[in-house]
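Each remark here refers to the structure printed beneath this line.
Chains as they are written, first to last, in full-length UniProt numbering: chain F, 1 to 181; chain R, 1 to 181; chain S, 1 to 181.
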């Protein structure tokens, strides 16, 4: 019986990892959907209370003179919610699309990390434009069985620090598990 | 023995959910690939017989005067196949790319729902252009173990009804399962 | 006991398939991330030693006169690494983004295949441009438990041979597994 129980336990751990990966992939996309319709409550619920959001050149594509601006750092889910409710962000709605991905993802217990692209589109006079193309590092934490975004760093493609994020991207090619588990 | 059997059954249900999610994600992409090469038989096979496809401003990006057009509603897989075989759609080939995603997805038994973006590109004189950027709600149904698209509603980013789709987007942050299942 | 063992074995095989699919999806994206930061060692490690990379019109979007060029065929991971280290490729950095997907994917034992889109963006004067929009067929092989890219064919949307790749795209709608497995 011990072998059977151990096999089931090991299999359940593998299933848990997979469920976590799919939940995290849904979470990142869900955030973008919430942001695009001004559903700030859901967007905030995607974050831990102490979440940090670092975004470089936040007005990029909207304000040419700002392209060399310093980073915007938001600390805490409340600050993130305030940013989403701000006139600057609200002025994007409803003609924007925050599309996340593709990203690589790896999980270690109650923490996880993803690295990849995001594209912000806006629509002007019925024509969609790619406004911002960024490299992101996402960090997640599981609290009470719930995955949330604990930190996101979003940098424009071309920035030195975007290159740094890419060099330490989540997930590396490795041997897959085999056998019964 | 009862505990073991129950554990295996619970685990199998979790695995089934995951297989369903991956099958549905493949299905949405597969539809786009079929459409882009005029493989109407496969595109139709992705749908239930009574599938409904609602698309707003279907000529958007191709015919400026049509941007305020009423919705196109196709009822039944046959009607969808006829649209794909129509001169209007065929005129897009082979220089188009229907790229689906990212989307969130949730499954409830033999029904499922996804919400997210799609982008239709066309290539003119060797240069790719983003022609249509849309918000989609997909509904799926499983018949005889086979997932198919039962309904798709595709609306341009910026439309009021696109905002409505986003506000009821599939999937919300929630606690993950734990334990042996 | 036999039934229990058989159930666990069948379930483990299903979990293995899912892990493989997620590993392969991470692998394709990881390749793009490595390429975008000049991490040639990781990009090469994503490939089998005898990997083949066929890319049509490799200078497309960069050199108009080249749009009718013959295919570039690279044979072996070393040749792929040399291409990535070449002045032509390096000239794209750091202002490029190789975004892979969406793709369909199917696995058969130690081989797998994916079909789908890729988009190469470059950033010029703070504005992102879509430089190359391609249809790709990826073939993968598992060696020593490690999935790697064994062959990739990348063709511009609009090419006859891109249509051929689409017509034989990976994955078709089919019945899902049911029961305990």
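Note that beta-carbon positions come from the ideal geometry of N, C-alpha and C, so glycine has one too.
- Against chain F, a Cβ distance below 8 Å from residue 144 of chain S picks out 175.
- Per DSSP, the beta-bridge partners of residue 129 of chain F are F:122.
- Against chain S, the CB of residue 139 of chain F has no partner CB under 8 Å away; the residue lies outside that interface.
- Counted as a single uninterrupted DSSP element, the stretch harbouring residue 163 of chain F is not any beta strand (DSSP E) but the alpha helix (DSSP H) occupying residues 160–167.
- Taking 8 Å as the CB threshold, residue 136 of chain S stays off the interface with chain F.
- 4, 5, 8, 9, 11, 12, 15, 16, 18, 19, 20, 22 and 23: these are the residues of the region 4–23 of chain S whose beta carbon lies less than 8 Å from some beta carbon of chain F, given in chain order.
- With contact defined as three or more Cβ pairs closer than 8 Å, the region 42–49 of chain F and the region 8–26 of chain F are not in contact.
- In summary, residue 87 of chain R is exposed, with fewer than 16 beta-carbon neighbours lying within 10 Å of its beta-carbon over all protein chains present.
- Taking a 10 Å sphere around the C-beta of residue 116 of chain S, we find 16 or more other C-beta atoms and assign the residue as buried.
- In the DSSP annotation of this structure, residue 94 of chain S is not part of any alpha helix (DSSP H), being labelled neither H nor E.
- In this structure the region 108–122 of chain S touches the region 168–177 of chain S; the number of beta carbon pairs closer than 8 Å is three or more.
- Nearest to residue 107 of chain R by alpha-carbon distance, out of R:56, R:3 and R:15, is R:15.
- A distance below 8 Å separates the beta carbons of residue 138 of chain S and residue 152 of chain S.
- Burial state of residue 85 of chain F is exposed, judged by a 10 Å Cβ sphere holding fewer than 16 other Cβ atoms.
- Secondary-structure assignment with DSSP links residue 25 of chain R through no beta bridge to anything.
- Exclusion of the five residues before and after residue 159 of chain F leaves 56 as the residues of its chain whose Cβ lies within less than 7 Å of its Cβ.
- Secondary structure at residue 86 of chain R: coil, using DSSP grouped into helix, strand and coil.
- For residue 44 of chain F, the enclosing alpha helix (DSSP H) has its first and last residue at 40–45.
- Interface residue (Cβ-Cβ distance to chain S less than 8 Å): residue 82 of chain R is not classified as such.
- Against chain F, a Cβ distance below 9 Å from residue 101 of chain S picks out 101 and 102.
- In this structure, the alpha-carbon of residue 79 of chain S lies about 32 Å from that of residue 30 of chain R.
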